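For reference, the structure discussed in these notes is given below.
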DNA sequence: CTCAAGTAGTGATTTTTTTCCCGATTAAAG
DNA sequence: CTTTAATCGGGAAAAAAATCACTACTTGAG
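Chains as they are written, first to last, in this note's numbering: chain A, 1 to 209; chain B, 1001 to 1209.
Listed below in structure tokens is the structure:
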């Protein structure tokens, strides 16, 4: 049901945050309804912003009561596609790869890392969170056999674009890049560059100001 | 000289990207000038956007030639504070902490991680990239003695806010949080939450669309 | 020396995003 | 049943961001 129109990235970020807040509320404090004002206070936004965002994804509240937290969570999850299931391959079994794969929340978003690949023969064969690190030359087989849609890049900067290109050639649908470079991709592939230097710049800027 | 007015976050992100592009150009291809069109093509933006951004930080180009890449880089670095020096403490010597500390580019942004702290006695005393992991109870001493301005949080979700509060109490200036939670801080502390779930949501959304 | 073409600079315009505001609705109290 | 207070919904206004369109400048060619 999550079609209608493309959600803007900023909206998407806010929704994720609302969702977190709601889940905390619902799970931790057993509150069933929340007002836009409460959400706004948490997310440090305007109340109207929250109401508009929720309206945009079709959540309805009731006057004098607020929104049902469970509604908000389930609608966000539905619209954002968290309840579907996606397979991913992680390329690059270094420290960063290890850290990312141990992130305790992929499944909650529908993401399943089904394979790990690394070009270093010293790493292949070892186990990382229940998966055997595969050699690079099996990437194609793996992606095709498992019908993998997402590639997670935790390779060094120098091999990031090359690896991306290879995955694109294997008709991967999306890339999540952690190498310090902006990967370029064709229009039909979605890429998210998780670039530490943006954060670094943000901090340096604020510390210097 | 980096005062005048607060740069918007979106502008900041674009500037970081310009800077990367320029550095690649200058270093790799020995090109000394670039046109706004080239930068725009790389960053997938409008040419005017690039010109406005560069004008905003005071970079001047010359008609028929473009901008001097070296100018752009040095002005961005100056305005964003990369040439100053900041001390940071990393709290949480787990996998993620290890991955982050080994990121090969902190120094380029003026950031120096001068201490690592962890609450787990099994980790204290061990070495991570040249630093001895210190026990948690020495955090205060370390922050004060070294005059640390930035705290990098790579602790588990459950201890993130507590650790943040402690650092805030030690009058830290900024926090870089990698735990999957939005840290809340007083107005005078700058926080950047590096929240993997935003990326995850972005990907799930695009894969489902 | 003049002309042509490429490029920066910038004011105007459009689009998008955010905020403001108020009427409508609901639940609870009297 | 009526009143009151809290809250949503959505239109309007304001602010911010992006894009457009044009001018002016600079270089290199003829």
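Just so you know, even glycine gets a beta-carbon here, dropped at the ideal spot from N, CA and C.
None of these values were measured; they are calculated from a predicted model.
Where residue i meets chain B, residues with beta-carbon distance less than 9 angstroms
i, result
"residue 180 of chain A", "1020, 1103, 1104 and 1105"
Residue i at chain A interface by Cβ criterion, 8 angstroms
i, result
"residue 1002 of chain B", "Legend: pLDDT at residue 1002 of chain B = 37, less than 50; position of this residue unreliable, value from coordinates given subsequently. Residue 1002 of chain B counts as touching chain A."
"residue 1208 of chain B", "yes"
"residue 1158 of chain B", "no"
"residue 1054 of chain B", "no"
"residue 1092 of chain B", "no"
"residue 1084 of chain B", "yes"
Listed by chain order, chain B residues near residue i by CB distance under 8 angstroms
i, result
"residue 98 of chain A", "1095 and 1099"
"residue 144 of chain A", "Chain B residues near residue 144 of chain A: none, gap ~17 angstroms exceeds 8 angstroms."
Residue interval of the alpha helix (DSSP H) (run including residue i)
i, result
"residue 1016 of chain B", "1009 to 1024"
"residue 1201 of chain B", "1196 to 1208"
Residue-chain proximity (residue i, chain B), Cβ-Cβ < 8 angstroms
i, result
"residue 67 of chain A", "no"
"residue 149 of chain A", "yes"
"residue 153 of chain A", "no"
Endpoints, beta strand (DSSP E) assigned at residue i
i, result
"residue 176 of chain A", "174 to 177"
"residue 1192 of chain B", "1190 to 1193"
"residue 1091 of chain B", "1086 to 1091"
Listed by chain order, chain A residues near residue i by CB distance under 7 angstroms
i, result
"residue 1017 of chain B", "182"
"residue 1173 of chain B", "207"
Cross-chain neighbours of residue i in chain A, by beta carbon under 9 angstroms
i, result
"residue 1011 of chain B", "In chain order: nothing, as chain A lies at least about 10 angstroms away."
Chain B residues whose Cβ lies nearer than 7 angstroms to that of residue i
i, result
"residue 222 of chain A", "No answer is possible for residue 222 of chain A: it lies beyond the span of chain A, which begins at 1 and ends at 209."
"residue 131 of chain A", "Those do not exist, as residue 131 of chain A stays about 15 angstroms from chain B at its closest Cβ, beyond 7 angstroms."
Residues that residue i contacts on chain A, provided the C-beta gap is smaller than 8 angstroms
i, result
"residue 1007 of chain B", "205"
Problem set entry | Ordered list of beta strand (DSSP E) runs contained in the segment 1095 to 1156 of chain B, each at least 3 residues | 1111 to 1118, 1131 to 1135 and 1150 to 1153
Exercise. Taking Cβ-Cβ distances below 9 angstroms as the criterion, which residues of the segment 1187 to 1201 of chain B are in contact with chain A?
Worked result: 1190, 1192, 1194, 1195, 1196, 1197, 1198, 1199, 1200 and 1201
For this session: With a floor of 4 residues, list each alpha helix (DSSP H) that falls wholly inside the segment 34 to 84 of chain A, ordered by position along the chain.
Result: 36 to 43, 47 to 56 and 69 to 80
For this session: Could you name the residues of the segment 28 to 48 of chain A whose beta carbon sits closer than 7 angstroms to any beta carbon of chain B, in the order they occur along the chain?
Result: none
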